[in-house]
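In what follows, a single structure is set out as structure tokens and then discussed.
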Amino acid sequence: MADTPRKTRSHEWFGKLDKDGFHHRSWMKNQGLPHHLFDGRPVIGICNTWSELTPCNAHFRTIAERVKRGVYEAGGFPLEFPVMSLGETLMRPTTMMFRNLVSMDVEESIRANPIDGVILLVGCDKTTPALLMGAASCDLPTLAISGGPMLNGRFRGEVIGSGTHVWKFDAMVRAGEMSLQDFMEAESCMSRSAGHCMTMGTASTMASMVEALGMGLPSNAAIPAVDSRRYVLAHMAGRRIVEMVREDLRMSKILTRAAFENAIRVNGAIGGSTNAVIHLLALAGRIGVELTLDDWDRIGHEVPCLVDLMPSGRFLMEDFYYAGGLPAVIRELGQAGLLHKDALTVNGRTLWDNCADAPCWNREVIHGIDAPFKQHGGIAVLRGNLAPDGAILKPSAASPALMRHRGRAVVFEDIDHYKARIDDPALDIDETCIMVLKNCGPRGYPGMAEVGNMALPKKILRKGITDMVRISDARMSGTAYGTVVLHVAPEAAVGGPLALVRDGDMIELDVAARRLHLDVPEAELTRRRAAWQPAVAPPPRGYAHLYHHHVMQADKGCDLDFLVGASGAAVPRESH
Numbered sequence: 031m032a033d034t035p036r037k038t039r040s041h042e043w044f045g046k047l048d049k050d051g052f053h054h055r056s057w058m059k060n061q062g063l064p065h066h067l068f069d070g071r072p073v074i075g076i077c078n079t080w081s082e083l084t085p086c087n088a089h090f091r092t093i094a095e096r097v098k099r100g101v102y103e104a105g106g107f108p109l110e111f112p113v114m115s116l117g118e119t120l121m122r123p124t125t126m127m128f129r130n131l132v133s134m135d136v137e138e139s140i141r142a143n144p145i146d147g148v149i150l151l152v153g154c155d156k157t158t159p160a161l162l163m164g165a166a167s168c169d170l171p172t173l174a175i176s177g178g179p180m181l182n183g184r185f186r187g188e189v190i191g192s193g194t195h196v197w198k199f200d201a202m203v204r205a206g207e208m209s210l211q212d213f214m215e216a217e218s219c220m221s222r223s224a225g226h227c228m229t230m231g232t233a234s235t236m237a238s239m240v241e242a243l244g245m246g247l248p249s250n251a252a253i254p255a256v257d258s259r260r261y262v263l264a265h266m267a268g269r270r271i272v273e274m275v276r277e278d279l280r281m282s283k284i285l286t287r288a289a290f291e292n293a294i295r296v297n298g299a300i301g302g303s304t305n306a307v308i309h310l311l312a313l314a315g316r317i318g319v320e321l322t323l324d325d326w327d328r329i330g331h332e333v334p335c336l337v338d339l340m341p342s343g344r345f346l347m348e349d350f351y352y353a354g355g356l357p358a359v360i361r362e363l364g365q366a367g368l369l370h371k372d373a374l375t376v377n378g379r380t381l382w383d384n385c386a387d388a389p390c391w392n393r394e395v396i397h398g399i400d401a402p403f404k405q406h407g408g409i410a411v412l413r414g415n416l417a418p419d420g421a422i423l424k425p426s427a428a429s430p431a432l433m434r435h436r437g438r439a440v441v442f443e444d445i446d447h448y449k450a451r452i453d454d455p456a457l458d459i460d461e462t463c464i465m466v467l468k469n470c471g472p473r474g475y476p477g478m479a480e481v482g483n484m485a486l487p488k489k490i491l492r493k494g495i496t497d498m499v500r501i502s503d504a505r506m507s508g509t510a511y512g513t514v515v516l517h518v519a520p521e522a523a524v525g526g527p528l529a530l531v532r533d534g535d536m537i538e539l540d541v542a543a544r545r546l547h548l549d550v551p552e553a554e555l556t557r558r559r560a561a562w563q564p565a566v567a568p569p570p571r572g573y574a575h576l577y578h579h580h581v582m583q584a585d586k587g588c589d590l591d592f593l594v595g596a597s598g599a600a601v602p603r604e605s606h
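For the sequence shown, the numbering used here assigns the number 31 to the initial residue and increments by one for each residue that follows.
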């Protein structure tokens with residue numbers, strides 16, 4: 031006897047032959063939907079972050095239509111819905127402040143509606159973790175599709191990378207090495223197609239994390255946004271999500287401890303963004319996987335950087351795709367025993383089954399494990415009396431000569447103080463100093479803005495110096511580089527030791543020893559602590575007020591404390 035098909039969640043809306051069913055079906059039919067679509071087939075919600083205010087996601091309407099083709103083809107019923115979008119380059123004070131808000135939008139939109147499975151359309155930096163976090167809190171069958179990177183930028187015969195060359199060109203202008211006219215001309219040469227940053231910044235890193243976690247189809251990370259194969263991927267994702275609903279393949283079956291460990295190692299191998307640390311910690315908290323900051327160091331420490339991409343290297347995501355993309359990297363890790371090969375992915379196969387035969391077509395772009403691009407690719411987690419709950423540094427983007435350094439602190443109380451002082455000729459600073467930026471963490475900024483990679487003073491740049499040790503409770507763009515200590519926890523705004531640092535204090539950084547030490551007697555620190563007062567007043571109302579009182583520190587992923595854990599996808603009571 032054949033098994034009775036499992037009733038879909040959406041049947042609670044569309045399957046009723048009563049007043050409520052009438053309501054649900056009749057108003058949907060005003061869109062020209064035929065009655066047979068309400069026959070119990072899987073309803074697939076397409077969660078779309080399209081927005082003209084989010085340039086990276088401005089092509090998502092086309093991708094959504096390709097998903098719908100696949101859903102219909104597989105016997106499903108696609109319904110597209112919008113959620114708040116996060117445009118990294120426009121939103122103030124920072125998109126990170128709104129990541130958790132978008133996750134709430136996604137979670138409640140999924141739970142409140144007749145949805146059996148979800149396609150997440152993700153692209154610009156924070157849209158990926160926000161949508162994954164919200165969907166994880168519901169735990170329905172879910173598949174993520176990244177929008178893909180832009181084509182390579184080109185300026186006067188030189189390949190230029192989004193973000194990375196912004197910092198480089200800005201430093202050249204400030205050093206007197208580039209004219210403002212040339213600077214303005216370059217901006218039209220950098221972003222020349224649809225898609226997100228084509229460097230291994232946060233968007234490309236998180237697209238890679240989607241694939242490494244098993245939440246996206248193979249090659250999700252690197253197919254350029256304008257390549258027709260991106261549309262094929264979307265079509266196949268639409269087909270596959272219908273099958274996932276029938277198989278009841280939920281996020282919790284994919285996002286296991288093994289999946290997160292794989293993602294940490296992949297992040298090291300690709301020289302991925304430091305922002306992945308915060309986002310994966312938050313995602314793990316939503317799905318109930320125990321993951322800590324120290325896991326990032328322990329698991330990723332042994333992984334070399336295999337991929338020669340900006341900001342750590344020379345090439346860009348378009349080159350990465352043609353070289354073999356993420357499957358080629360995963361194959362290298364698997365052959366070296368650095369992978370949980372049995373981790374399940376959205377296509378029903380294991381990560382290793384997907385990548386075991388993946389070719390590499392260019393060893394300049396994707397190096398072998400025996401001859402890596404850089405020996406150290408993971409995230410270094412630093413501790414000491416300046417960061418008792420941890421801080422991080424990206425070795426592949428840092429200067430080797432500065433990885434062990436002792437210097438005099440030059441302190442900026444907040445970002446405005448920094449901007450006012452940095453180019454003051456009277457500023458007492460040289461290249462041996464350590465720049466310290468306070469009050470730019472989750473509460474302090476608010477939202478933990480990407481200002482940690484502070485531009486060096488003009489007088490330093492004009493000496494030909496391009497890097498100094500910088501320390502803050504902020505983040506930095508995944509496209510940025512330098513010997514930058516980030517995510518210091520606890521942050522200054524909550525009274526962390528960073529708040530106590532003063533001009534002239536000596537600070538010791540030893541990356542190999544994972545040590546960050548403020549060389550000030552404890553008695554003096556106690557005296558300063560007693561006199562400390564918060565520099566930032568809590569916002570009086572709205573989401574900013576909620577965020578201020580509930581955001582957790584960087585070592586916990588900066589989620590809101592009441593969002594940790596999942597609520598599931600139980601069908602709410604009727605509305606009429």
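Every residue, glycine too, gets a C-beta built ideally from N, C-alpha and C.
{"Item": "Sequence-distant residues of the same chain with beta carbon closer than 7 Å to D419, five excluded per side", "Value": "A519, P520, Q583, D585"}
{"Item": "Beta-carbon proximity of L539 to H435, cut-off 8 Å", "Value": "yes"}
{"Item": "Beta-carbon contacts of M31 that lie in its chain and below 8 Å, excluding the five residues immediately before and after", "Value": "Low confidence applies here, because M31 scores a pLDDT of 39, under 50, leaving its location unreliable and the question unanswered by this model."}
{"Item": "Status (buried if at least 16 other CB within 10 Å, exposed otherwise) for S507", "Value": "buried"}
{"Item": "For K209, the first and last residue of its enclosing beta strand (DSSP E)", "Value": "Correcting the residue type first, residue 209 is Ser in the shown sequence and not Lys. Premise fails: S209 is in no beta strand (DSSP E) and is neither H nor E."}
{"Item": "Length at least 3, wholly inside the segment 492-549: the beta strand (DSSP E) runs in chain order", "Value": "499-502, 536-540, 545-549"}
{"Item": "Contact check, S115 vs S81, beta carbons under 8 Å", "Value": "yes"}
{"Item": "Pairwise C-alpha distance: G354 and A366", "Value": "18 Å"}
{"Item": "Counted within 10 angstroms of its Cβ, other Cβ atoms place H580 as buried (16 or more) or exposed", "Value": "exposed"}
{"Item": "Neighbour flag for D212 against chain C, beta carbons, 8 Å", "Value": "This model lacks chain C altogether; it includes just one protein chain."}
{"Item": "Run of the alpha helix (DSSP H) containing P159, from where it starts to where it stops", "Value": "157-166"}
{"Item": "Sufficient close CB pairs (3 or more, under 8 Å) joining the segment 225-237 to the segment 173-183", "Value": "yes"}
{"Item": "Nearest neighbour of W326, chosen from I452, K156, L412 [CA to CA]", "Value": "L412"}
{"Item": "Per-residue DSSP class, three states only, for F111", "Value": "strand"}
{"Item": "For S597, three-class secondary structure by DSSP", "Value": "coil"}
{"Item": "Whole beta strand (DSSP E) elements within the segment 380-427, 3-residue minimum", "Value": "410-414, 417-423"}
{"Item": "Euclidean distance between Cα positions of V541 and T462", "Value": "17 Å"}
{"Item": "Classification of W382 by the beta-carbon crowding that lies within 10 angstroms, buried from 16 upward", "Value": "buried"}
{"Item": "Close-in-space but distant-in-sequence residues of the same chain around T513 (CB under 6 Å, 5 per side omitted)", "Value": "A428, S429, L432, D497, V499"}
{"Item": "Residues that DSSP places opposite I308 in a beta bridge", "Value": "Paired residue(s): none; I308 is not in a bridge."}
{"Item": "Boundaries of the beta strand (DSSP E) in which T27 is found, first to last residue", "Value": "Because the chain spans 31 through 606 in this model, residue 27 falls outside it and cannot be assessed."}
{"Item": "Nearest residue (CA-CA) to R393, options R558, L321, F403", "Value": "F403"}
{"Item": "Inter-stretch contact (C-beta, 8 Å, three-pair minimum) for the segment 85-94 and the segment 121-139", "Value": "no"}
{"Item": "Range covered by the beta strand (DSSP E) that runs through R184", "Value": "183-185"}
{"Item": "Range of the contiguous beta strand (DSSP E) that encloses E188", "Value": "188-190"}
{"Item": "Under the three-state DSSP convention, the category S605 falls into", "Value": "coil"}
{"Item": "Simplified DSSP state of V240, which is helix, strand or coil", "Value": "helix"}
{"Item": "N- and C-terminal bounds of the beta strand (DSSP E) containing L150", "Value": "147-152"}
{"Item": "Any non-hydrogen atom of the ligand SAM within 7 Å of R71 CB", "Value": "Inclusion of the ligand SAM in the displayed structure is not the case, the ligand content being empty and no account of it being possible."}
{"Item": "Of the listed residues R532, A561, P564, nearest to D549 (C-alpha basis)", "Value": "R532"}
{"Item": "Start and end residues, alpha helix (DSSP H) containing H41", "Value": "41-44"}
{"Item": "Separation of R186 from A510, as counted between CA atoms", "Value": "22 Å"}
{"Item": "Own chain residues within Cβ distance below 7 Å of E137, not counting five before or after", "Value": "G164, S167, C168"}
{"Item": "Three-state secondary structure (DSSP) of V438", "Value": "In the sequence as displayed, the identity of residue 438 is Arg instead of Val. The answer is strand: DSSP assigns R438 an E or B state."}
{"Item": "G246 to I253 span [Cα, whole Å]", "Value": "13 Å"}
{"Item": "Among N305, L181, I300, R451, the one whose alpha carbon lies nearest that of R361", "Value": "I300"}
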